[in-house]
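**Student:** Just so you know, the protein sequences line up as chains A and B, in that order. Residue 86 in our numbering sits at position 86 of the first sequence, and the numbers go up by one each step. Convert by adding 1000 to the 1-based position in the second sequence; the result is the number in our numbering. A virtual CB, placed ideally from N, CA and C, is assigned to each residue, including glycine.
There are 2 protein chains.
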Amino acid sequence: MTETKFATRGDKGEVEQGSTFQPKFDADGLIACVVTDADDGTVLMVGYMNAEALDRTLETGEAWYWSRSRQSFWKKGETSGQVQQVVEILTDCDQDALVLRVRVAGNGATCHVGYRACFYRRLVRRDDGTTALEHAGGARVYDPKDIYG
Amino acid sequence: MTETKFATRGDKGEVEQGSTFQPKFDADGLIACVVTDADDGTVLMVGYMNAEALDRTLETGEAWYWSRSRQSFWKKGETSGQVQQVVEILTDCDQDALVLRVRVAGNGATCHVGYRACFYRRLVRRDDGTTALEHAGGARVYDPKDIYG
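(1) Here's the rule I'm using: 16 or more other beta-carbon atoms within 10 Å means buried, otherwise exposed. How should A1109 of chain B be labelled?
(2) Tell me which same chain residues have a C-beta within less than 6 Å of the C-beta of C33 of chain A, skipping the five on either side of it?
(3) If I measure Cβ to Cβ from K24 of chain A and keep anything under 6 Å in the same chain, skipping five residues before and after, which residues do I get?
(4) Quick one: what does DSSP say A132 of chain A is sitting in, helix, strand or coil?
(5) Under 8 Å between the Cβ atoms of V1124 of chain B and A1105 of chain B?
(6) Could you have a look at S72 of chain A and say whether DSSP puts it in helix, strand or coil?
(7) Measure from the alpha carbon of G1077 of chain B to the alpha carbon of each residue in B:Q1071, B:I1089, B:W1064 and B:S1069, then state which is nearest.
(8) For the pair the stretch 120-135 of chain A and the stretch 54-64 of chain A, tell me if three or more CB-CB distances fall below 8 Å.
(9) Of the choices B:T1131, B:C1118, B:K1145 and B:I1147, whose alpha-carbon is the least far from that of T8 of chain A?
(10) Report yes if the CB atom of V1043 of chain B is closer than 8 Å to the CB atom of F1119 of chain B, and no otherwise.
(11) Measuring only the C-alpha atoms, how far is W1066 of chain B from A1027 of chain B?
(12) Mind checking who Q152 of chain A pairs with in its DSSP beta bridge?
(13) To the nearest whole angstrom, what separates the beta carbons of F6 of chain A and A51 of chain A, a pair I think is in contact under 8 Å?
(14) For a cutoff of 8 Å on Cβ pairs, would you count M1001 of chain B as touching chain A?
(15) Determine the DSSP secondary structure at V1099 of chain B, reduced to helix, strand or coil.
(16) How is V1141 of chain B classed by DSSP in three states: helix, strand or coil?
(17) I'd like the list of long-range same chain contacts for T1091 of chain B, defined as Cβ closer than 6 Å, with 5 residues on each side in sequence excluded.
(18) Run through chain B and tell me which residues come within less than 9 Å of G41 of chain A, C-beta to C-beta.
(19) Just to confirm my understanding: we take N1107 of chain B, look at its own chain, exclude 5 residues before and 5 after, and list those with CB closer than 6 Å. What are they?
(20) Using a Cβ cut-off of 8 Å, pull out every chain B residue sitting near T131 of chain A, in sequence order please.
(21) Between Y115 of chain A and G138 of chain A, is the Cβ-Cβ spacing less than 8 Å?
(22) Look at F1021 of chain B and L133 of chain A and say whether their C-beta atoms are less than 8 Å apart.
(23) Give me the Cα-Cα distance between I147 of chain A and K75 of chain A, rounded to the nearest whole angstrom.
(24) Kindly indicate which three-state DSSP category V1015 of chain B falls into: helix, strand or coil?
(25) Taking A53 of chain A as part of the alpha helix (DSSP H), name the residues at either end of that continuous run.
(26) Assign K145 of chain A to buried or exposed, taking buried as 16 or more other Cβ atoms, counted over all protein chains shown, within 10 Å of its Cβ.
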């Protein structure tokens, strides 16, 4: 276990209805974070924090994650400028997920593909029972090729 | 691997910008699902689906999950009546998370503690650097004790 500043898990009543923050990290030491626009509630992305990333986020007021693909800390916006200023963090009944309400700096996009939110496609059922994707609307904020070539 | 009706993962360009649905299930065979109110966007809960739960959801238009704690399928609302009618499902750039926009049947609550949304507490930093929880507002829709004793 990572040593953390957070409380260890207590009884169910306290977890669900108490005022002690005792987050549940999964077997990989991570907690799921739903990131929403603090002004209109749009779901921008889903990321994962370990205890240290959560602590950095609380200390700085800017969102830090743990990148599962790169296995490293990831300050959102460090290279892109799309820094997330954290307005509020909520947790759920069993304290195994977080909602971060944020304001996005830089060009205001969150997704590395150039859209404001990562969730820019919807599922559609075809007549044969298979599922495809289609764009859910919303123009790109920028084209990453213009920046990264 | 579970056999699924969904496509196997292709190249990054297709995953990120194509129309082929090729969801990424984690090492436990699960994908994270952010559930929002289709009308006002409130984040109601976070759940997890395996391929079969996702397929049941797509087939029936009502949300099915995989309960990690009980290790079993879980049709949301099967006992509580708080069934989720799925209005739209979105996926993100790397197709490893879903957003379900739903309308909740029954008494309209989602959380088993009795609140409309599971995220009814916010994190607050104390002066000593520790973190506590406080209610984020919103009355209980019902008291589970009234139903389950």
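**Tutor:** From the atom records:
(1) buried
(2) G47, M49, L98 and L100
(3) Q95 and D96
(4) strand
(5) no
(6) strand
(7) B:W1064
(8) no
(9) B:T1131
(10) yes
(11) 14 Å
(12) Chain A is shown only over 1 to 149; residue 152 of chain A falls outside these bounds and no answer can be derived.
(13) 6 Å
(14) Note on M1001 of chain B: pLDDT 43, under 50, position unreliable in the model; the coordinate value appears next. Judged by the 8 Å Cβ criterion, M1001 of chain B is not in contact with chain A.
(15) strand
(16) coil
(17) L1098
(18) T1036, D1040, G1041, T1042 and V1043
(19) V1141 and Y1142
(20) K1005, F1006, F1021 and L1058
(21) yes
(22) yes
(23) 19 Å
(24) helix
(25) A51 to T60
(26) exposed
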